[in-house]
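Residue numbers (the working numbering): 3 to 393.
We put the beta carbon where it would ideally sit given N, CA and C, even for glycine.
Since we're looking at a predicted model, the values are computed, not measured.
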């Protein structure tokens, strides 16, 4: 059994970062062997600009948008910051949810700090599904603003029906932003069909290099230019700074590869996830799954092992790469804000592990991981019982 990079680890942490696709790795290496600033007018610069344009078209094809509607960034965190800072207007509502990624939640809290009543958090059910019906109540009293909802939750994989949200927002004259980081390259994503104004993504979630991403900005969206970075005026003034040519080219190659096998890949990964869940419940019938299971990403499962601390389980199975929650919050002293918002107790949140599978996951990895999880949970549970002593 070999995981990514030929390791003996079952890598089931694609929501943190996916292994780089061979096509993307080859494109990055080739690009790094060439010289050229994409803003320079000489031949090497023009060649770099051409290759950036090719990558822009490759990503646009994946999203079904115009290449001119894409702004390259360092990743989804920057894209989320840029989107919300541009879309929010003081005195207008900024509507989001308590289960968003911190890159959205913290940005929303920051931009509305002067007028905290502008920040509206929609309720979330025990199944992790956002109550979109509450949007209508928000817009009964207020008009305009921006709605920011993630397309798929990074911890549970639960999907949001963005088309329903977009209709409610449009009727109220509000803009729509989605953090689509987890869904891009995993399920078909058509920005025209979703009817969003802004969409954030990161290359490394679908097999591109780390440190590069993009923000889709719908042509004609009524947005002021409020760049986070000013200077040279790159990316039509939205994002100054020398373009990460190698990273962008790698992202384009990953987008093309993901687009090519999207439907077949999603079906295969969903089958592997279902196999993992079956193996876990067969051996550990007391485990529980979080989030609506018929409305989620194909490769994600959030599992609670009651009374068994997740950090101890992970430590007991070093040959399985999984996560307690968002990698962006690793080491945090508090449990998952997503699981708490769904109504889990702190103890159950602390006993939850997220497994996320992807394009390179194999059946052998899943079988190995299931055996390792069962063994680790059993060991930790026995150790805890022994520590408590006889009753």
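Practice task
Report the rounded CA-to-CA distance for residue 260 versus residue 298, giving the unit in angstroms.
Solution key: Stepping through the chain shown from its first residue, residue 260 is reached at position 258. Stepping through the chain shown from its first residue, residue 298 is reached at position 296. When rounded, the distance between both Cα atoms is 19 Å.
Practice task
State the DSSP-derived secondary structure class of residue 354, mapped to helix, strand or coil.
Solution key: For the purposes of this step, residue 354 is taken as residue 352 along the chain shown, with counting starting at 1. Residue 354: strand per DSSP, three-state reduction.
Handout entry: Beta-carbon proximity list for residue 134, same chain, < 6 Å, skipping 5 on both sides
Key = Against the chain shown, residue 134 aligns to sequence position 132. Cβ neighbours of residue 134 beyond the five flanking positions: 166 and 167.
Practice task
Note the first and the last residue of the continuous beta strand (DSSP E) segment covering residue 199.
Solution key: As a position in the chain shown, residue 199 is number 197, starting the count at 1. Neither: residue 199 is in no beta strand (DSSP E) and is coded neither H nor E.
Exercise for the section: May I have the straight-line CA-CA distance separating residue 193 from residue 305, to the nearest angstrom? Expected result: In the chain shown, the residue the question calls residue 193 occupies position 191. In the chain shown, the residue the question calls residue 305 occupies position 303. For residue 193 and residue 305, the distance between alpha carbons rounds to 31 Å.
Handout entry: Simplified DSSP state of residue 273, which is helix, strand or coil
Key = Working through the chain shown from its first residue, we reach residue 273 at position 271. Residue 273 falls in the helix class under three-state DSSP.
Practice task
Determine the extent of the beta strand (DSSP E) in which residue 16 is found, giving its start and end residues.
Solution key: In the chain shown, the residue the question calls residue 16 occupies position 14. First-last for residue 16: undefined, no H or E at that position.
Problem - Inter-residue spacing [alpha-carbon to alpha-carbon] between residue 125 and residue 99 - result: Indexing the chain shown from 1 puts residue 125 at position 123. Indexing the chain shown from 1 puts residue 99 at position 97. Distance between the alpha carbons of residue 125 and residue 99: 7 Å.
Practice task
Output the distance between the C-alpha atoms of residue 200 and residue 290, rounded to the nearest integer angstrom.
Solution key: Here residue 200 refers to the residue found at position 198 of the chain shown. Here residue 290 refers to the residue found at position 288 of the chain shown. Using only the alpha carbons, I get a separation of about 35 Å.
Handout entry: residue 290 - containing beta strand (DSSP E), residue span
Key = One-based indexing of the chain shown puts residue 290 at position 288. Unbroken beta strand (DSSP E) run through residue 290: 290-292.
Handout entry: C-alpha distance - residue 54 paired with residue 37, whole-angstrom precision
Key = Locating residue 54 in the chain shown gives position 52, counting from the first residue. Locating residue 37 in the chain shown gives position 35, counting from the first residue. Cα-Cα distance, rounded: 13 Å.
Handout entry: Under the three-state DSSP convention, the category residue 345 falls into
Key = Within the chain shown, numbered from 1, the residue matching residue 345 stands at position 343. Of the three classes helix, strand and coil, the one that applies to residue 345 here is coil, per DSSP.
Handout entry: Cβ shell of residue 204 (< 6 Å), same chain only, five flanking positions each side left out
Key = Counting from 1 along the chain shown, the entry for residue 204 is found at position 202. Taken in chain order, the residues that qualify are 77, 78, 183 and 215.
Practice task
Would you kindly check if the distance between the Cβ of residue 280 and the Cβ of residue 359 is under 9 Å?
Solution key: Against the chain shown, residue 359 aligns to sequence position 357. Against the chain shown, residue 280 aligns to sequence position 278. Not closer than 9 Å, so no.
Exercise for the section: Give the C-beta separation of residue 89 and residue 141 to the nearest angstrom, bearing in mind that I take them to be a contact with Cβ-Cβ under 8 Å. Expected result: Residue 89 sits at position 87 when you count from the first residue of the chain shown. Residue 141 sits at position 139 when you count from the first residue of the chain shown. No, residue 89 and residue 141 are not in contact; Cβ-Cβ is about 16 Å, not under 8 Å.
Problem - Coil, strand or helix - residue 107 by DSSP - result: Here residue 107 is taken as the residue at index 105 of the chain shown, counted from 1. In the structure shown, residue 107 sits in a helix (DSSP, three-state: H, G or I).
Handout entry: Short Cβ contact (9 Å threshold) for residue 30 with residue 248
Key = Residue numbering aside, residue 30 sits at position 28 when the chain shown is read from its first letter. Residue numbering aside, residue 248 sits at position 246 when the chain shown is read from its first letter. It is a contact, given that the beta carbons lie within the stated cut-off.
Practice task
Between the Cα of residue 63 and those of 75, 186, 52 and 15, spot the shortest distance and give me the residue it belongs to.
Solution key: Residue mapping note: residue 63 aligns to position 61 of the chain shown, counting from 1. The residue with the shortest Cα to Cα distance from residue 63 is 186.
Handout entry: Three-state secondary structure assigned by DSSP to residue 384
Key = Counting from 1 along the chain shown, the entry for residue 384 is found at position 382. Residue 384: helix per DSSP, three-state reduction.
Exercise for the section: Give the straight-line distance between the Cα atoms of residue 105 and residue 75, rounded to the nearest whole angstrom. Expected result: Here residue 105 corresponds to residue number 103 of the chain shown, with the count starting at 1. Here residue 75 corresponds to residue number 73 of the chain shown, with the count starting at 1. Roughly 14 Å between the two C-alpha positions.
Handout entry: 8 Å Cβ shell around residue 198 - same chain, five flanking residues per side excluded
Key = On the chain shown, position 196 is the one that residue 198 refers to. Within the same chain, residue 198 has close Cβ partners 164, 168, 178, 179, 180, 218 and 220.
Handout entry: Nearest candidate by alpha-carbon position, reference residue 34, set 361, 317, 245 and 270
Key = Taking the first residue of the chain shown as 1, we reach residue 34 at position 32. Residue 245 is the option with its Cα nearest to residue 34.
Practice task
Using three-state DSSP, classify residue 339 as helix, strand or coil.
Solution key: Within the chain shown, residue 339 is the residue found at index 337, counting from 1. In this structure, residue 339 counts as helix in the three-state DSSP scheme.
Practice task
Evaluate residue 23 with the Cβ neighbour count: other Cβ atoms within 10 Å of its Cβ, from every protein chain shown; 16 or more gives buried, anything less gives exposed.
Solution key: The count along the chain shown starts at 1 and reaches residue 23 at position 21. Under this definition residue 23 is a buried residue.
Problem - Candidates 170, 349, 65 and 84, of which the one nearest residue 230 by Cα - result: In the chain shown, counting from the first residue as 1, residue 230 sits at position 228. Of the listed residues, the one whose Cα sits closest to residue 230 is 84.
Problem - Reference residue 162; option with closest CA among 66, 20, 189 and 207 - result: Mapped onto the chain shown, residue 162 falls at position 160. Selected option, being the one with the closest Cα: 189.
Exercise for the section: Look at the alpha carbon of residue 138 and the alpha carbon of residue 171, and state the distance between them as a whole number of angstroms. Expected result: If you number the chain shown from 1, residue 138 lands on position 136. If you number the chain shown from 1, residue 171 lands on position 169. If I take the Cα positions, the gap works out to 9 Å.
Exercise for the section: Give the DSSP-derived three-state secondary structure of residue 321 in the structure shown. Expected result: What you label residue 321 is simply residue 319 of the chain shown in a count that begins at 1. Looking at residue 321 - three-state DSSP - the assignment turns out to be coil, as it is neither helix nor strand.
Handout entry: Nonlocal neighbours in the same chain, by C-beta distance under 6 Å from residue 159, ignoring five residues either side
Key = Sequence index remark: in the chain shown, residue 159 carries index 157 (1-based). The answer, listed in chain order, is 298, 299 and 302.
Problem - Local conformation of residue 52 per DSSP, three classes - result: Here the question's residue 52 lines up with position 50 in the chain shown. Of the three classes helix, strand and coil, the one that applies to residue 52 here is helix, per DSSP.
Handout entry: Sequence-distant residues of the same chain with beta carbon closer than 8 Å to residue 269, five excluded per side
Key = Taking the first residue of the chain shown as position 1, residue 269 is located at position 267. Cβ neighbours of residue 269 beyond the five flanking positions: 300.
Practice task
Output the residue ranges of the alpha helix (DSSP H) runs that lie fully inside the stretch 177-253 and measure 4 residues or longer, sorted by chain position.
Solution key: 193-196
Exercise for the section: Report, in whole angstroms, the separation of the C-beta atoms of residue 314 and residue 382, which I expect to be a contact under 8 Å. Expected result: Here the question's residue 314 lines up with position 312 in the chain shown. Here the question's residue 382 lines up with position 380 in the chain shown. That pair is a contact at about 5 Å.
Practice task
Drop a sphere of 10 angstroms on the beta-carbon of residue 352, count the other beta-carbons inside from all chains shown, and report buried for 16 or more, exposed for fewer.
Solution key: Here residue 352 refers to the residue found at position 350 of the chain shown. So residue 352 counts as buried.
Handout entry: Under 9 Å between C-beta atoms of residue 129 and residue 262
Key = Counted from its first residue, the chain shown places residue 129 at position 127. Counted from its first residue, the chain shown places residue 262 at position 260. It is not a contact, given that the beta carbons lie outside the stated cut-off.
Exercise for the section: Go ahead and label residue 107 buried or exposed: buried means 16 or more other beta carbons lie within 10 angstroms of its beta carbon, across all protein chains shown. Expected result: Residue numbering aside, residue 107 sits at position 105 when the chain shown is read from its first letter. Label assigned to residue 107: buried.
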